Structures are given as structure tokens and as C-alpha cells.
Amino acid sequence: MKILPYQPDQSGLAYSVGTTLDRFIKLKQSDFPFASGELSQLLRDIALAAKIVNRETTRAGLSNIGGAFGQVNVQGEEQQKLDVIANIRFMRALSKGGEVCAIVSEEEDAVIDLQNTSGKYVVAIDPLDGSSNIDVNISIGTIFSIYRRKTPTGSPIQVEDIMQAGTEQVAAGYVLYGSSTMLVYTTGCGVNGFTYEQSLGEFFLSHPNIQAPKNGEIYSVNEGTQKEWEEGFKAYIDQCKEKRYSARYIGSLVADFHRNLLKGGIYLYPATNKNPSGKLRLLYEANALALIAEQAGASATDGCQRILEIQPTTLHQRTPLLIGSSDMVKEAEAFMNCSVEKPLS
Ligand code: F6P
1370 MKILPYQPDQ
1380 SGLAYSVGTT
1390 LDRFIKLKQS
1400 DFPFASGELS
1410 QLLRDIALAA
1420 KIVNRETTRA
1430 GLSNIGGAFG
1440 QVNVQGEEQQ
1450 KLDVIANIRF
1460 MRALSKGGEV
1470 CAIVSEEEDA
1480 VIDLQNTSGK
1490 YVVAIDPLDG
1500 SSNIDVNISI
1510 GTIFSIYRRK
1520 TPTGSPIQVE
1530 DIMQAGTEQV
1540 AAGYVLYGSS
1550 TMLVYTTGCG
1560 VNGFTYEQSL
1570 GEFFLSHPNI
1580 QAPKNGEIYS
1590 VNEGTQKEWE
1600 EGFKAYIDQC
1610 KEKRYSARYI
1620 GSLVADFHRN
1630 LLKGGIYLYP
1640 ATNKNPSGKL
1650 RLLYEANALA
1660 LIAEQAGASA
1670 TDGCQRILEI
1680 QPTTLHQRTP
1690 LLIGSSDMVK
1700 EAEAFMNCSV
1710 EKPLS
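Take the sequence shown: its position 185, counting from 1, is numbered 1554 in our numbering, and each next residue is one higher.
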């Protein structure tokens, strides 16, 4: 019997399809000493739910899953059917996996206790970000944060397991359902992006080690709320215009953030009369993107404080958000008035 060592084909007949998310997660597991593989499995569970939500979003105009669901969520926002579907899908994936003990979701008033006290992780998730864009074929997303529970496994979950500052995240990521579907995540060792290959049903590494430009020429803000801005904030946006920066605002945080992360730019959602503490939610929107931003060399602040250092006090707490290229965020921060007392959300 003849035995030969495997020699990869050099003829160029079969091109490489690249590294799958699964393989990448496995390769990276060794970055964590004593890792037991549960975080890796949890990331795979999220990726599976993302594939299902991706399938639903692409069918949104065909099947009866577009439009309003007929209920209002805890934020007072009208839930879309796809918000509800995405929430069900992620809840199901996270509860079946066995690694998670509790979930905070934009679509749920309370913390969801999975009654799985052996689960080490807590997940905070916005299952479908940018829902006003669902029915008009514009990019939407999913945002997630993963925390290790503080109390010992085997005991019931406690407030301190949930109310953790963003610095405590062990992983965070987002899925962008756009012109292609991408999953971008960090476990605190850089940021990597994966593009979904529909025909193979797999995410492939397409954006290794994402580095955000230090500076940029894009600003993303809802200018319709301008009359409600503080003077300093107005002055910063005026400066963006004087510098002839491009205004780009999709109205889906994930999509605006992703573009600015790759091209250089800043996304801003300040305090307004309607949302005196800002609009975006700390636990399942701002924290995840702030960790990704910092891991890619960008930054995130509420104008006065690093987002990741804000100690949450309520589940659906809101925060102003200035996030993007580090030089731009620093410049914007210099315009903000940090002496005024902020209202509690
Ligand atoms: O989750 C909040 C969100 O939909 C973000 O995705 C988006 O950036 C923002 O709100 C849009 O808010 P507005 O319609 O007030 O500009």
C-alpha cells in the first residue's frame, strides 16, 4: 500500500473558498487560556440564528412578514413583524445552546431568565436594528453583547449579572443584512468580519483584522432634530459642513456604523427634547458597537464619558452616542457641554 502526504492542489483548478466562521472561531479559541468552548458555541448559535433571520429578511416582500405586528414594545415603539420574528429566532437559538443563563432583549420588558443556572453567559441583544427600514429594502442589523455572569453558576441570576458596564463584555458583534450579509465580531482580540455565502450557507472571513481609519470625512446624524440640539453639538455639525464633510444617514445604526468603521467617519445621536438621554440603548446597542469600535482603533463616547465605562442602572437605559474615527470623536467631544446635569433615562 502506498501512502502519500497530502499536497494541496497547485494547478489553480480549484480556487480557495476561504475560512469559514466555524473554523475561524475554533482556531481563535486557543487565544483564551482555559476556554472550554462554550463561548465558541454561543457565537455559532448566534450565527445560525443570523442565517435564519437573513433568510426571513430577504423574503420580507414576498411572504406575509412585512409591516407592523400590532403591538408596542417597552420603548413605546411599534413592533414590526420582523422585529418579533428576529427576537423569537435569537431567543430560541440562545436558549437551546445551553451556554446562556439570561437574555436582555430590546423586544422584552424584563430580563429573560432561561432557567439554566449552569449557563455562564448573559446576552444583551437588539434582534433587529433599524426596523423602520424593513419594509423599504434598506439595510438592517442585529447587535449583540456577551457578558460572563458574575455570580457562580448553579445559583439563580442576580442584578449584578445583568447590570455590567461595557468594559466587562467578553464578546460583541453585529450582523448587517445589507447588499451582502455580514457578521462582524470581537472577543477582545481585534475585529473580524465575515460575509455570508448564500449558496454554501456559510459565513466566510472577508474582512480580517478590521482597522478603522483614524480620521474621516463622513458624518451621520439625523439633521431633522437639529432644533433640539445643544449649542456645542450644533457648532460641531456646522464645522463638519464647513469642512465639506459628506452627510450620510441611513437610519439603521448598524449600517451607518459599519460604513464609517470601514471608510472613516462619525455617527452621532445626541440628547434631544424627545430623547433627553439620547435615543440608543446602552446595554444592547451602544456597548457592543463601542467595544468593536475600540478594538478596531476607533472610539465611542456619550460626549463626556467613554461608553464602555458607563455603569448601567436600568435595563433599557438610553445614552447619547458619538462613535467612529478616533480623531473625529475627540474633536466632537471638545464641543460638548459636560457641565450640565443629565436626566436619568
Ligand atoms: O435603534 C434605534 C435606531 O433605529 C437606530 O438604528 C437608528 O440609527 C436610529 O434609531 C434612527 O433614529 P431616528 O429615526 O430618530 O433618526
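Note that CB positions come from ideal geometry on N, CA and C, so glycine has one too.
These numbers were taken from a predicted model, which means no experiment stands behind them.
For residue i, the three-state DSSP class (helix, strand or coil)
i: Arg1518; result: coil
i: Tyr1614; result: coil
i: Cys1558; result: coil
i: Ser1322; result: An answer regarding residue 1322 cannot be provided, because it is not within the stretch 1370 to 1714 covered by the chain.
i: Gly1693; result: strand
i: Ile1434; result: coil
i: Glu1566; result: strand
i: Gly1593; result: helix
i: Asp1671; result: coil
i: Ala1540; result: strand
i: Met1532; result: coil
i: Val1553; result: strand
i: Glu1700; result: helix
i: Gly1466; result: helix
i: Glu1586; result: coil
i: Gln1608; result: helix
i: Leu1382; result: coil
Alpha carbon of residue i to alpha carbon of residue j, nearest angstrom
i: Arg1461; j: Asp1452; result: 14 Å
i: Leu1649; j: Arg1687; result: 5 Å
i: Asp1478; j: Ile1472; result: 11 Å
i: Trp1313; j: Arg1675; result: Any answer about residue 1313 is impossible in this case: the structure gives the chain only from 1370 up to 1714.
i: Glu1529; j: Ile1635; result: 32 Å
i: Thr1426; j: Ile1372; result: 49 Å
i: Leu1630; j: Ala1581; result: 5 Å
i: Asp1495; j: Thr1594; result: 24 Å
i: Thr1486; j: Leu1382; result: 51 Å
i: Ala1418; j: Gly1647; result: 29 Å
i: His1685; j: Tyr1653; result: 8 Å
i: Leu1666; j: Ser1695; result: In the sequence under discussion, the amino acid at residue 1666 is Gly, which differs from the Leu named in the question. Answer to the nearest angstrom: the Cα atoms are 7 Å apart.
i: Gly1562; j: Ser1549; result: 12 Å
i: Ala1655; j: Phe1513; result: 10 Å
i: Asp1400; j: Lys1465; result: 26 Å
i: Lys1596; j: Val1386; result: 51 Å
i: Pro1377; j: Tyr1384; result: 11 Å
Endpoints, alpha helix (DSSP H) assigned at residue i
i: Glu1425; result: 1407-1427
i: Leu1631; result: 1622-1632
i: Leu1390; result: 1390-1397
Within 9 Å, strictly: CB atoms of residue i and residue j
i: Ile1434; j: Lys1450; result: yes
i: Ser1589; j: Gly1693; result: yes
i: Glu1586; j: Tyr1614; result: yes
i: Ala1616; j: Ile1503; result: no
i: Ile1507; j: Ala1624; result: yes
i: Phe1626; j: Leu1651; result: no
i: Tyr1554; j: Arg1518; result: no
i: Pro1689; j: Gly1672; result: yes
i: Ile1515; j: Leu1622; result: no
i: Gly1488; j: Val1469; result: yes
i: Ala1455; j: Val1422; result: yes
Residue range of the unbroken beta strand (DSSP E) whose run includes residue i
i: Ile1635; result: 1635-1638
i: Asp1495; result: 1490-1498
i: Glu1447; result: 1447-1449
i: Ile1661; result: Careful: Ile1661 lies outside any beta strand (DSSP E), inside the alpha helix (DSSP H) at 1656-1664.
i: Ile1472; result: 1469-1474
The ligand GTP heavy atom lying under 8 Å from the CB of residue i
i: Lys1648; result: The model depicted lacks the ligand GTP and carries the ligand F6P instead.
Three or more C-beta pairs closer than 8 Å, one from the segment 1603-1616 and one from the segment 1645-1665: is that the case here?
The segment 1603-1616 vs the segment 1645-1665: no contact.
With a cut-off of 8 Å, do at least 3 Cβ pairs link the segment 1525-1536 to the segment 1558-1571?
The answer is no - the segment 1558-1571 does not touch the segment 1525-1536, with fewer than three Cβ pairs under 8 Å.
Inter-stretch contact at 8 Å, needing at least 3 Cβ pairs: the segment 1540-1548 / the segment 1517-1529:
With a cut-off of 8 Å, the segment 1517-1529 and the segment 1540-1548 do not count as touching, because too few Cβ pairs lie within range.
Closer than 8 Å is the cut-off here; do at least three beta carbon pairs connect the segment 1672-1684 with the segment 1575-1587?
Fewer than three Cβ pairs drawn from the segment 1672-1684 and the segment 1575-1587 lie within less than 8 Å of each other, which leaves the two stretches out of contact.
Is the segment 1627-1642 touching the segment 1485-1504 in the sense that three or more CB pairs, one from each, lie closer than 8 Å?
In this structure the segment 1485-1504 does not touch the segment 1627-1642; the number of beta carbon pairs closer than 8 Å is below three.
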